[in-house]
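Be aware that the sequence shown starts at 1016, since it is given in the numbering used here, and climbs by one per residue.
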Amino acid sequence: MDAGPGGRERVLALRGELDYASAAQLQEAADAVLAGPQPPALVVLDCSALEFCDSSGINVLIGMHQRLEARGGVLRLAGVPGSVTRVFTLTGLDQVIGLYGTVADASAPAAGDHGSSAIRAASERQR
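Laid out in structure tokens, this is it:
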């Protein structure tokens, strides 16, 4: 996991598997990013190198979303591979957290949180 520069936006890059064994690392990174009186307004998780996500990872993502939302912030996921997108779609996570094609798309001002339909359509075409 790599963390981008500070400020009102943070980008974290996820690699490999987000599962029971690695979810604590993301939780620690989330705790560090969200600590303090002025958390970022936007956190983008670059998932382009994410190969797998299980329920432990999904729980951490939901927790990050809830903590950010409670403080007026937004969590967005970028570059989610098709196999992981399917998991997020089956669990309904894509209805809670916006999915975007790229970090740039997710970082765009006023991008909203409705990127999931475009990702889902692209994912369907890849099958």
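Just so it is clear, CB atoms sit at the ideal spot from N, CA and C, and this is done for glycine as well. All figures in this text were calculated on a predicted structure; none of them were measured in a lab.
(request) Could you check what DSSP says for Ala1136 in three-state terms: helix, strand or coil? (result) On the sequence shown, position 121 is the one that residue 1136 refers to. Confidence at Ala1136 is low in this model, with a pLDDT of 40, below 50, so the placement of that residue should be treated as unreliable; the coordinate-derived value is given next. If DSSP states are grouped into helix, strand and coil, Ala1136 belongs with the helices.
(request) Tell me whether Pro1052 is buried or exposed, calling it buried when 16 or more other Cβ atoms sit within 10 Å of its Cβ. (result) Here residue 1052 refers to the residue found at position 37 of the sequence shown. Pro1052 comes out exposed.
(message) Rounding to the nearest angstrom, what Cα-Cα distance links Arg1025 and Thr1117 in this structure?
(response) Indexing the sequence shown from 1 puts residue 1025 at position 10. Indexing the sequence shown from 1 puts residue 1117 at position 102. Taking the straight line joining both Cα atoms gives about 14 angstroms.
(request) For Asp1061, write down the residues that DSSP places opposite it in a beta bridge. (result) The residue labelled residue 1061 in the question sits at position 46 within the sequence shown. Ala1028 and Ala1093.
(request) Compare the Cα-Cα distances from Arg1082 to each of Val1095, Ser1063, Ile1112 and Ser1098 and report the closest residue. (result) Numbered from its first residue, the sequence shown carries residue 1082 at position 67. Closest option to Arg1082, Cα to Cα, is Ile1112.
(request) Measure the alpha-carbon distance for Pro1079 versus Phe1067 and round it to whole angstroms. (result) Start at 1 with the first residue of the sequence shown, and residue 1079 comes out as number 64. Start at 1 with the first residue of the sequence shown, and residue 1067 comes out as number 52. Position check: residue 1079 holds Met in this sequence, whereas Pro was assumed. Cα to Cα, Met1079 sits roughly 18 angstroms from Phe1067.
(message) Residues in the same chain with beta-carbon distance under 7 angstroms from Arg1142, minus the five sequence neighbours each way, listed in chain order, please.
(response) Taking the first residue of the sequence shown as 1, we reach residue 1142 at position 127. No answer about Arg1142 holds up, because its pLDDT of 41 lies below 50 and its placement is not dependable.
(message) If contact is defined by three or more beta carbon pairs under 8 angstroms, each pair taking one atom from either stretch, is the stretch 1039-1055 in contact with the stretch 1091-1101?
(response) no
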